[in-house]
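Participant: This structure is in structure tokens; I'll ask about it shortly.
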Amino acid sequence: VQLQASGGGLVQAEGSLRLSCSASGSSASIVAMGWFRQAPGKGREFVASLGLNGRTFISDPLKGRLTISGDLAKSTVDLQMHSLRPDDTGVYYCKVDRVTGSGVVADWGQGTLVTVSS
Numbered sequence: 001v002q003l004q005a006s007g008g009g010l011v012q013a014e015g016s017l018r019l020s021c022s023a024s025g026s027s028a029s030i031v032a033m034g035w036f037r038q039a040p041g042k043g044r045e046f047v048a049s050l051g052l053n054g055r056t057f058i059s060d061p062l063k064g065r066l067t068i069s070g071d072l073a074k075s076t077v078d079l080q081m082h083s084l085r086p087d088d089t090g091v092y093y094c095k096v097d098r099v100t101g102s103g104v105v106a107d108w109g110q111g112t113l114v115t116v117s118s
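So, in structure tokens, the structure goes:
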């Protein structure tokens, strides 16, 4: 599976940004798509995910400031972020979970940089 993420960039604090990710290749077995992020000098952390039947999960600290949407059948997921803060700065990675003969496999995109200026 190849993942293509887009939408990152520079935004001022309190601004909004929309990230998009699409998967191609063996995408028929996708069971979840989501986003993680990695701030400078920190580990990668969960942001939000979209599962089967439209179930969404959002990191508790981020609830109220972002929305995840998409269509697993079309292998797309979007992340709409509002009221951005400088500590939202980081590389945002798209992640796909697929069911294979060996179980669930995770695929990662190359990441898109989000920079929030104060």
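Start counting the sequence shown at 1; every next residue gets the next number (our numbering). Where is the CB? At the ideal position from N, CA and C, for every residue including glycine.
For A73 and S22, I'd like the C-alpha separation in whole angstroms.
Facilitator: Counting from one through the sequence shown, the residue named residue 73 turns up at place 73. Counting from one through the sequence shown, the residue named residue 22 turns up at place 22. Roughly 11 Å between the two C-alpha positions.
Participant: For R18 and Y93, I'd like the C-alpha separation in whole angstroms.
Facilitator: Against the sequence shown, residue 18 aligns to sequence position 18. Against the sequence shown, residue 93 aligns to sequence position 93. Their Cα atoms are separated by approximately 13 Å.
Participant: Taking the C-alpha atoms as reference points, what is the distance between G51 and F36?
Facilitator: Residue mapping note: residue 51 aligns to position 51 of the sequence shown, counting from 1. Residue mapping note: residue 36 aligns to position 36 of the sequence shown, counting from 1. Roughly 15 Å separates the two Cα atoms.
Participant: Name the DSSP beta bridge partners of L66, please?
Facilitator: Within the sequence shown, the letter at position 66 stands for residue 66. Bridge partners of L66: M81.
Participant: Helix, strand or coil for A106? Go by DSSP, reduced to three states.
Facilitator: Within the sequence shown, numbered from 1, the residue matching residue 106 stands at position 106. Three-state DSSP puts A106 in a strand.
Participant: Apply the 10 Å Cβ neighbour rule to V96 and answer buried if 16 or more other Cβ atoms are within range, or exposed otherwise.
Facilitator: Here residue 96 refers to the residue found at position 96 of the sequence shown. V96 should be labelled buried.
Participant: For L3, is the classification buried or exposed, using 16 other Cβ atoms within 10 angstroms of its Cβ as the cut-off for buried?
Facilitator: On the sequence shown, residue 3 is found 3 positions in, with the first residue counted as 1. By the neighbour-count rule (16 or more Cβ atoms within 10 Å), L3 is buried.
Participant: Just curious, the beta strand (DSSP E) that K95 is in, first and last residue?
Facilitator: As a first step, residue 95 is located in the sequence shown; it is residue number 95 there, counting from the start. Run containing K95: G90 to T100, per the beta strand (DSSP E) assignment.
Participant: With a threshold of 16 other CB atoms inside 10 Å of the CB of V104, please say whether the residue is buried or exposed.
Facilitator: By one-based count along the sequence shown, residue 104 stands at place 104. Label assigned to V104: exposed.
Participant: Name the residue from G64, K63 and S49 whose alpha carbon lies nearest to the alpha carbon of F57.
Facilitator: Here the question's residue 57 lines up with position 57 in the sequence shown. Among G64, K63 and S49, the Cα nearest to that of F57 is on S49.
Participant: Would DSSP call S26 helix, strand or coil?
Facilitator: As a position in the sequence shown, residue 26 is number 26, starting the count at 1. Coil, per DSSP.
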